[in-house]
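Q: Note that my numbering has the sequence shown beginning at 124, numbered continuously upward.
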Amino acid sequence: MSYEYINEDIEKYIIEMRRHFHENPELSWEEVETSKRILKELEDMGIEARQVAKTGVLGILNKDKDGSVLAIRADIDALPVQEENSLDFVSKNDGVMHACGHDAHAAMLLGAAKAMALNKDKVGKVVFLFQPAEEFIKQSGAQLVVDENVLKDENVDRILAIHVWNPLEAGKVALQEGPIMASADTFKIEIIGKGGHGAQPQQTIDPITIGTLIVENLQHLVSRENSPINPMVLSVTAFNSGNSENVIPERAELLGTTRTFDNVKRETFPEIMERVIKGIVEANRGEYKFTYYKGTPATINEAASVEMGRKVVGEIIGEENIVYQDPQMGGEDFAKYLMDIPGCLMFLGAKIPNQDAPHHNPKFMIEEDTMKTGAEYFVKYAMEYVK
């Protein structure tokens, strides 16, 4: 493995930063102290920095340099999880934990920024985006960054990100073109019937029976209106109604999520779902309200960005350590940038041997040695991109 720019001092700095963020996690849209620390670190490096998207931070190196502009994004929010690890740097904030690796993402980007600031003549204009609220699916931080034209105003023409990935052993990476993570939308169906006595169902309009028909028939959309070569998930994850053994309730509520790798097909989901819901409810004399919440689109890596990334990371860890990763049905709001800007997200192996706690688990932990690979990748990619 070849680490030319992430030397021992910068690696120690990355680990120090990661442990600081891990010890002091903050939830989506509450990353106040996190962003203050990031601002200070960037300013100490001589990098121009400012607050963006409420609790995010934007750093800019070589602001007035002509040519291509590379953005690198790290998410910085934590999760509402009570940590169960035994560490010297365990979370100090009760019920809040960096259980998805965003502490490592922020630390790697700070380390890369430090290395680039020391070698700024070798890179072009680089934008460091520390993004809030990736985990807040209905109002994600990426959407606010887009709405504020943060990257557009800096003329960004390529964007990178890394996700530390516990299913993948440390020392390996996955970087491939095309879909790598699914869209992530949610929905709510409110069914309004007519309540009454459980012994006299003929006098009621039962929202529970209507709801069960809806759940069953929505699954037919997956198998009969979607190509079997295009994976789709439609899951009803909550069915709330009634609270008595002998009362048919007036209302029922269904909650759920949809996932796909096809952003065009995704746009049709609300219409075809409502067609099914409307038909069933009206056939059973009820009423309904259907709300579809757009979350994140599918994350689709652009070919040229991936090609350069594979070249760069292959020089660091060896091409034999670049592996294929099955596309994941989880969502990632980095996809919102990729709708307008070419770029790619790389999975960075972070699995600790004999430790199998998955992402979002109270015992989630990463192999810290892997972070120097991520930081070196960012630095060398920026140097390659300026060519």
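Note that the Cβ used here is the ideal one computed from N, Cα and C, for glycine as well.
(1) What does DSSP give as the partner residues of Met355 in its beta bridges?
(2) Please list, in chain order, all residues of the same chain as Ser358 whose beta carbon is under 6 Å from its beta carbon, the five residues on each side excluded.
(3) Could you check what DSSP says for Asp308 in three-state terms: helix, strand or coil?
(4) Can you tell me whether Val273 is buried or exposed? The criterion is at least 16 other CB atoms within 10 Å of its CB, across all chains shown.
(5) Is it true that the CB of Pro255 sits closer than 7 Å to the CB of Glu154?
(6) Cβ of Tyr238 within 7 Å of Cβ of Met168?
(7) Quick one: what's got a C-beta closer than 7 Å to Glu410's C-beta in the same chain, skipping five residues either side?
(8) With a threshold of 8 Å on Cβ separation, who are the neighbours of Lys243 within its own chain once the five nearest residues in sequence on each side are excluded?
(9) Rounded to the nearest angstrom, what separates Leu181 and Glu166 at their Cα positions?
(10) Have a look at Glu146 and Ile489 and give me their C-alpha separation to the nearest angstrom.
(11) Tell me, please, whether the segment 205-219 touches the segment 158-165 by the rule of three or more beta-carbon pairs shorter than 8 Å.
(12) Who are the Cβ neighbours of Ala194 in its own chain at under 6 Å, not counting the five residues just before and after it?
(13) Start and end of the alpha helix (DSSP H) containing Gly234?
(14) Kindly indicate which three-state DSSP category Arg142 falls into: helix, strand or coil?
(15) Along the chain, where does the beta strand (DSSP E) that runs through Val175 open and close?
A: Quick look at the numbers:
(1) The count along the sequence shown starts at 1 and reaches residue 355 at position 232. Answer is Thr383, bridged to Met355.
(2) On the sequence shown, position 235 is the one that residue 358 refers to. Once the five neighbours on either side are set aside, the close Cβ partners of Ser358 are Gly379, Thr380.
(3) Here the question's residue 308 lines up with position 185 in the sequence shown. It is a strand residue.
(4) Your numbering for residue 273 matches position 150 in the sequence shown. Its Cβ being crowded by 16 or more others within 10 Å, Val273 is buried.
(5) Along the sequence shown, one-based indexing puts residue 154 at 31. Along the sequence shown, one-based indexing puts residue 255 at 132. Their beta carbons are under 7 Å apart, which means Glu154 touches Pro255 by this criterion.
(6) Against the sequence shown, residue 238 aligns to sequence position 115. Against the sequence shown, residue 168 aligns to sequence position 45. Strictly speaking, residue 238 in this sequence is Ala, with Tyr absent from that position. In this structure, Met168 does not lie closer than 7 Å to Ala238 by Cβ.
(7) Taking the sequence shown and counting its residues from 1, the one referred to as residue 410 is at position 287. So the qualifying residues of the chain are Ile315, Val404.
(8) Looking up residue 243 in the sequence shown gives position 120. Leu184, Asn185, listed in sequence order.
(9) The residue you call residue 181 lines up with position 58 of the sequence shown. The residue you call residue 166 lines up with position 43 of the sequence shown. One C-alpha to the other measures close to 11 Å.
(10) In the sequence shown, the residue the question calls residue 146 occupies position 23. In the sequence shown, the residue the question calls residue 489 occupies position 366. Those two C-alpha atoms are separated by around 14 Å.
(11) no
(12) Locating residue 194 in the sequence shown gives position 71, counting from the first residue. The residues are Val250, Leu252, Leu274, Val279, Ile282.
(13) For this step, residue 234 is matched to residue 111 along the sequence shown. First-last of the alpha helix (DSSP H) with Gly234: 225-241.
(14) Here residue 142 refers to the residue found at position 19 of the sequence shown. Arg142: helix per DSSP, three-state reduction.
(15) On the sequence shown, residue 175 is found 52 positions in, with the first residue counted as 1. Here the beta strand (DSSP E) through Val175 covers 171-175.
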